[in-house]
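Trainee:
2 protein chains.
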Amino acid sequence: MSATFDGSGFCVWFTGLSGAGKSTIAEMLFHELRARGMRTEILDGDVVRQNLSKGLGFSKEDRDTNILRIGFVAELLTRNGVATICCPISPYRETRDAVRTQIQKSGAFIDVFVHAPVQEIADHRDPKGLYKKAIAGEIKNFTGVDDPYEPPLEPELMLDTMVESPEESLQRLLDTLHRLGHIDDPTPLVAGPKQHSGFTDLRLTGSGHVAEGR
Amino acid sequence: MSATFDGSGFCVWFTGLSGAGKSTIAEMLFHELRARGMRTEILDGDVVRQNLSKGLGFSKEDRDTNILRIGFVAELLTRNGVATICCPISPYRETRDAVRTQIQKSGAFIDVFVHAPVQEIADHRDPKGLYKKAIAGEIKNFTGVDDPYEPPLEPELMLDTMVESPEESLQRLLDTLHRLGHIDDPTPLVAGPKQHSGFTDLRLTGSGHVAEGR
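Residue numbers (the working numbering), protein chains in the order written: chain A, 4 to 217; chain B, 4 to 217.
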């Protein structure tokens, strides 16, 4: 089944700091859409960096190039009826807006801002100690520490993972997709452990997460 | 309508020298598949270099990286039911085989070798004089002149554009896709002038073709 009732696709674009919870919610959404028989794909920061952007660094120019590549592929998928989930940090507002404009030629763009404060992530969600190293100046160009993050001004949805559980965030996201006409039933269909999609950095416990984390 | 009757996609991969006729046949195929109501996309060398591989050069490593990126995107499309047409030079056999293996996880891979001899192209199909410059040593790393081209050993189809007209090549390709079960009628549906897809370097009369031509 193609995404959306008229056969056009849509793109759910998660943006936010590393560790804010983008991949967690993206994975849950992926399974919900699959459970509805929809064609769906996840384009995550690290998997894309591995396959499309190897060699790019973390300068503004390189980050933008990476995001525009994700946008190019997301548009190809969206216009072919795929529900495309993207979850790169995508720190720059102007670049996200360029991607939005591109994808809206082919389908809907749903910008989801996944928020958590740096200190919360550093204190409680930083198993590899990357934020601590960045705060100590041992890692440079780390988004939210010494590299900018520009939150969306008018996201379709903001998820505050400080006060919401992942299940609550997912429900608000499903409600939004229902309200926008992309799914016919916002009731979660999937419960319990799920097979990992293999397309987010939740899988990449090695260098992958380090790269995306910056 | 998804490509192929069971909803899975397929990938038609044109390989051959610059000027051999890949983009011409690819465009004709694109319109035939569209006319059948199928979802179809073209990933051409230059358009992909522009959007996914800017900054890559023409070393073996960079060429391989470019081809693997096209393969990554082609697999995403193929497994979502899109009839995906790729027409990069893709000079290295091992790299094409890696892409074939990857895409066959998701759908069929149809390797089409588009053949024309270097001398024929240089004499009659080289409006920008690129082959002449390469033969004179003024352009380096030019496939078929001072850079290798490894023809496929067992392509699904070989098109000899020295002896066939584009219409004859298209017919043989449609016959092949029919025989393999990807289309139900091999009769050409489209005649006369067609709107250009915008996704092959036939459009790019500037630096684009120069880049892909090497």
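Heads up, the beta-carbon is just placed ideally off N, CA and C, and yes, glycines get one too. Note that the coordinates shown come from a computational prediction; the quantities given were computed from them, not determined experimentally.
1) Would you report the Cα separation of L20(A) and F17(B), rounded to the nearest angstrom?
2) Measuring only between beta-carbons, confirm whether L133(A) sits less than 7 Å from chain B.
3) Verify the CB distance criterion: does L69(B) have a CB-CB separation below 7 Å to chain A?
4) Give a yes or no on whether the C-beta atoms belonging to V85(A) and R39(A) are separated by under 7 Å.
5) Whether or not the stretch 107 to 116 of chain B and the stretch 105 to 118 of chain A are in contact is what I'm after, with contact meaning three or more pairs of Cβ atoms, one per stretch, closer than 8 Å; do they touch?
6) For chain A, is any of its Cβ atoms less than 7 Å away from the one on L160(B)?
7) What are the boundary residues of the beta strand (DSSP E) that includes M161(A)?
8) According to DSSP, is I92(B) helix, strand or coil?
9) Could you confirm whether any beta carbon from chain A is found closer than 7 Å to the beta carbon of F75(B)?
10) Relative to the C-alpha of S11(B), which candidate in L79(B), I124(B) and V148(B) has its C-alpha closest?
11) If you follow the alpha helix (DSSP H) that D65(B) is part of, which residue opens it and which one closes it?
12) Check whether the Cβ of L160(B) sits closer than 6 Å to any heavy atom of the ligand FMN, and report yes or no.
13) With 7 Å set as the bound, which would you pick, yes or no: does the beta-carbon of S93(A) sit closer than that to a beta-carbon of chain B?
14) Based on the DSSP secondary-structure assignment, which residues constitute the bridge partners of T87(B)?
15) Could you spell out where the beta strand (DSSP E) holding V121(B) opens and where it closes?
16) Would you identify the three-state DSSP class for F116(B), choosing helix, strand or coil?
17) Specify whether the stretch 46 to 54 of chain A and the stretch 129 to 147 of chain A touch according to this definition: at least 3 beta carbon pairs, one from each stretch, less than 8 Å apart.
18) By how many angstroms is the C-alpha of T179(B) removed from the C-alpha of G48(A)?
19) At 8 Å on the CB atoms, spell out the chain A contacts of R72(B), in chain order.
20) Determine the burial state of H212(A): buried for a count of at least 16 other Cβ atoms within 10 Å of its Cβ, exposed for fewer.
21) Return the first residue and the last residue of the alpha helix (DSSP H) that F33(A) is part of.
22) From D126(A) to A119(A), what does the alpha carbon distance come to, in whole angstroms?
23) Need the endpoints of the alpha helix (DSSP H) that L180(B) sits in, please.
24) Inspect the beta-carbon positions of R103(B) and G22(B) and report whether they are closer than 7 Å.
25) Quick check: what's the CA-CA separation for A214(A) versus R66(A)?
26) On a CA-only basis, which of F75(B), Q122(B) and E153(B) is nearest K63(B)? Give me that one, please.
27) Assign E170(A) to one of two classes, buried (16 or more other C-beta atoms within 10 Å of its C-beta) or exposed (fewer than that).
28) What does DSSP give as the partner residue(s) for A194(A) in the beta ladder?
29) Would you kindly work out how many angstroms separate the C-alpha atoms of L160(A) and C90(A), rounded to a whole number?
30) Quick check on V85(A) - is its C-beta less than 7 Å from some C-beta in chain B?
31) Confirm, please, whether the CB-CB distance from E44(B) to T203(B) is below 7 Å.
Mentor: To lay it out plainly:
1) C-alpha separation (whole angstroms): 41 Å.
2) By this cut-off, L133(A) is not an interface position.
3) Note that residue 69(B) is Asn in the sequence shown, not Leu. Under the Cβ criterion of 7 Å, N69(B) is not counted among the residues facing chain A.
4) It is not a contact, given that the beta carbons lie outside the stated cut-off.
5) Judged by Cβ distances under 8 Å, the stretch 105 to 118 of chain A makes no contact with the stretch 107 to 116 of chain B, as fewer than three pairs qualify.
6) Not one chain A Cβ lies under 7 Å of L160(B).
7) Counting along the chain, M161(A) sits inside the beta strand (DSSP E) bounded by residues L160 to D163.
8) If DSSP states are grouped into helix, strand and coil, I92(B) belongs with coil.
9) At least one chain A Cβ lies under 7 Å of F75(B).
10) S11(B) has its Cα closest to that of L79(B), out of L79(B), I124(B) and V148(B).
11) It spans K63 to T81 - the alpha helix (DSSP H) in which D65(B) sits, taken as one unbroken run.
12) As presented, the structure is devoid of all ligands, the ligand FMN included, so that no description of it is given.
13) Interface with chain B (7 Å Cβ-Cβ cutoff): S93(A) is excluded.
14) Paired residue(s): C14(B) and E44(B).
15) Note, V121(B): premise wrong, no beta strand (DSSP E); alpha helix (DSSP H) at V121 to H127.
16) In the structure shown, F116(B) sits in a strand (DSSP, three-state: E or B).
17) No, they do not touch.
18) Approximately 39 Å between the Cα atoms of the pair.
19) Under a criterion of Cβ atoms nearer than 8 Å, the residues of chain A adjacent to R72(B) are, in order, N54 and L55.
20) Annotation note: pLDDT 30 at H212(A) (below 50); position unreliable, no value reported.
21) Boundaries of the alpha helix (DSSP H) harbouring F33(A): K25 to A38, taken from the DSSP string.
22) Their Cα atoms are separated by approximately 12 Å.
23) For L180(B), the uninterrupted alpha helix (DSSP H) segment begins and ends at P169 to R182.
24) No, they are not a contact pair.
25) The pLDDT assigned to A214(A) is 33, lower than 50, so where the model puts this residue is not dependable; a value taken from the coordinates is nonetheless given after this. Straight-line spacing of the CA atoms in A214(A) and R66(A) works out to 11 Å.
26) Of all alpha-carbon atoms in F75(B), Q122(B) and E153(B), the one lying nearest the alpha-carbon of K63(B) is that of E153(B).
27) When all chains shown are included, E170(A) counts as exposed.
28) In the DSSP output, where bridge partners are listed per residue, A194(A) has none listed.
29) If I take the Cα positions, the gap works out to 14 Å.
30) Yes, contact with chain B.
31) Result no, Cβ atoms of T203(B) and E44(B) do not sit closer than 7 Å.
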